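Structure record follows, encoded as structure tokens.
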Amino acid sequence: MAGRIFLAADTRHGFPVLAGQTVVGFRAGLTRGTLSFGDTPIPVLQESRSRARFGVSATAPVTGGLGIRFSGDYVQAGGGFALDLSGFVPGLDQDGVPPDARIKAGLDLDYLRFSALARAALPMEGRRVAAYLLAGPFVGFNSGCSMSVEAQDMSIGADCDEADLDWPGTDFGVSGGAGLEVGVSDGMGVSIEALYDLGLKDLEDAKTRVLSVMAGLVFSL
Numbered sequence: 001m002a003g004r005i006f007l008a009a010d011t012r013h014g015f016p017v018l019a020g021q022t023v024v025g026f027r028a029g030l031t032r033g034t035l036s037f038g039d040t041p042i043p044v045l046q047e048s049r050s051r052a053r054f055g056v057s058a059t060a061p062v063t064g065g066l067g068i069r070f071s072g073d074y075v076q077a078g079g080g081f082a083l084d085l086s087g088f089v090p091g092l093d094q095d096g097v098p099p100d101a102r103i104k105a106g107l108d109l110d111y112l113r114f115s116a117l118a119r120a121a122l123p124m125e126g127r128r129v130a131a132y133l134l135a136g137p138f139v140g141f142n143s144g145c146s147m148s149v150e151a152q153d154m155s156i157g158a159d160c161d162e163a164d165l166d167w168p169g170t171d172f173g174v175s176g177g178a179g180l181e182v183g184v185s186d187g188m189g190v191s192i193e194a195l196y197d198l199g200l201k202d203l204e205d206a207k208t209r210v211l212s213v214m215a216g217l218v219f220s221l
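Using my numbering, read the sequence shown as starting at 1 and increasing by one per residue.
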């Protein structure tokens with residue numbers, strides 16, 4: 001097993017180091033997405049949405065315990081929010097409408113995201129287990145956008161194009177996270193990782209935030 005998966009144990013130093021091989025990985029999991037808004041005249045209450053993520057990667061060693069992971073992922077992002085209109089619309093509490101009435105809305109956003117993340121091995125005992133940290137930039141291309149609105153007893157949903165919402169086609173930001181790999185056979189291992197994507201592009205006065213938890217398989221070439 002030693003020297004076959006990407007972060008194999010080197011007993012000369014007592015901690016995992018790069019094995020000098022390229023490793024490919026396949027992973028899938030769940031996302032928890034939100035949209036971060038700037039200053040707004042009406043209070044915006046964030047709501048998260050749980051969806052899915054899957055992708056492939058290739059990790060190349062650089063030096064010592066460092067490598068670069070190139071990834072392509074299908075990421076379901078977006079989020080929900082509520083506008084608290086009480087105090088902003090005169091007479092809102094009349095005609096049976098409660099004073100704390102809110103309009104809820106949500107966006108479901110699908111992205112093809114590509115990233116180049118630095119990968120650093122963490123000191124860890126054991127020949128079959130390896131831990132690592134990830135950090136680096138990503139760029140995403142929007143492949144789907146839909147929205148929904150709820151107010152009192154009314155609920156509507158539509159594609160962003162149908163709703164005349166000209167959502168930007170690209171997004172970019174930085175990602176960071178940590179993971180664990182366990183060797184199960186010669187040249188193959190299972191992985192589990194948590195990754196947080198912090199969108200930096202201003203998208204219609206909002207920025208994307210996505211927390212992903214994924215599991216997968218890794219193979220050394």
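Built from N, CA and C at the ideal position, the CB exists for glycine as well. Treat the numbers as computed from the prediction; the structure is a model and nothing was measured.
Original post:
Among all the DSSP beta bridges, which residues are the ones paired with S50?
Top reply: The partner list for S50 (beta bridge, DSSP) reads R32.
**OP:** Compare the Cα-Cα distances from D153 to each of I103, E181 and S115 and report the closest residue.
**Re:** I103
**OP:** Along the beta strand (DSSP E) that carries A258, what are the first and last residues, could you check?
**Re:** Here the chain comprises residues numbered 1 to 221, so residue 258 is not present and cannot be evaluated.
**OP:** For the stretch 179-189 and the stretch 159-171, state whether three or more C-beta atom pairs, one from each stretch, are separated by less than 8 Å.
**Re:** no
Subject >> Alpha-carbon spacing of F172 relative to A58, whole angstroms >> reply: 20 Å
Original post:
Alpha carbon to alpha carbon, what distance is there between A206 and S185?
Top reply: It is roughly 45 Å from the alpha-carbon of S185 to the alpha-carbon of A206.
Subject >> Extent of the continuous beta strand (DSSP E) to which K207 belongs >> reply: Run containing K207: A206 to S220, per the beta strand (DSSP E) assignment.
Subject >> Distance, G55 Cα to S36 Cα >> reply: 25 Å
**OP:** Please classify Q21: does DSSP put it in a helix, a strand, or coil?
**Re:** coil
**OP:** Could you name the residues of the same chain whose beta carbon sits closer than 8 Å to that of G144, not counting the 5 residues immediately before and after it, in chain order?
**Re:** So the qualifying residues of the chain are D108, L109 and D110.
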